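Heads up, the thing below is written out as structure tokens.
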Amino acid sequence: MSVLAVLILFLSPGNTQAVELGIAPDGELVKVNFLEKQNNTENSERYTVKGGDTLYRIAFNQGISVETLKLWNGKTTDSIHPGDELIVVSNPNKLSQIDQVKQKKSEPVQSVTAEQAMPKELTVTATAYTAYCEGCSGTTYTGQNLRSNPDQKVIAVDPEVVPIGSKVWVEKYGEAIAGDIGGAIKGNKIDVFIPSYERAMEWGVKQVKIRILD
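Here's what the structure looks like:
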């Protein structure tokens, strides 16, 4: 599909400069600058089409877009024939706005990994649970048997906030493994495992800082 364009001409002695507003094939409105035609063609280069050439190949070799190549040569189709002469450089120091837009869009965007997106330190509401609480099996989401291993430091987390399996430092609790989940543990909430019912009751509800270590 060719670029539909409207030409606005600025005339001065010995020089004609055109500024084009065009619609690129992707539907985007673009401004095409630098279509200059001097009384002489000393700043232009011409390429003679050979058998097997395509507009795409010629444009690629020149580092420009097919749309720009068509505009420089007044083409509305992709049709070319051996022996045709095409303008391939209207000014070696300038690129059309279309090409600048294409180049800008093609620049690599650094992806954000889950590790980068995950906050390393945050403040959470912390409650406590035991391996013998009502409805508890004593086995964590990751398979740790807390009844057989009461000295384990484990916390229940929201996996969307703290990755399951990560090592976490918890203020007033120490280092623990994020190895469990809970129906009420959503957002910035955690549940710390404490083997003793009395100590779990003493913990109550706290606002603590946590730091994701890995």
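Residues in the sequence shown are numbered consecutively from -7, following the working numbering. Quick reminder that beta carbons are idealized off the backbone N, C-alpha and C, glycines included. Note that the coordinates shown come from a computational prediction; the quantities given were computed from them, not determined experimentally.
Check                                                                                                                      : Outcome
Burial state of F52 (16 or more Cβ within 10 Å)                                                                            : exposed
Beta-carbon contacts of K178 that lie in its chain and below 6 Å, excluding the five residues immediately before and after : D150
Helix, strand or coil at I15 according to DSSP, with G and I counted as helix                                              : Per-residue confidence for I15 stands at a pLDDT of 49, beneath the threshold of 50, marking its modelled position as unreliable; the derived number appears in the next sentence. Three-state result, I15: strand.
Residues near E202 by beta carbon distance below 6 Å, same chain, minus five either side                                   : With the sequence shown as reference, residue 202 is identified as Ile, and Glu is not the correct amino acid for it. Excluding residues within five positions, the ones whose Cβ falls inside 6 Å are V116, V160 and V162.
Contact check, S158 vs A170, beta carbons under 7 Å                                                                        : yes
Beta-carbon proximity list for E37, same chain, < 6 Å, skipping 5 on both sides                                            : V80 and V81
Spatially closest choice to F185 from R139, T46, L61 and S71, by CA coordinates                                            : R139
Pairwise C-alpha distance: K145 and D172                                                                                   : 11 Å
Where E77 falls: helix, strand or coil (DSSP)                                                                              : strand
Inter-residue spacing [alpha-carbon to alpha-carbon] between D143 and G127                                                 : 21 Å
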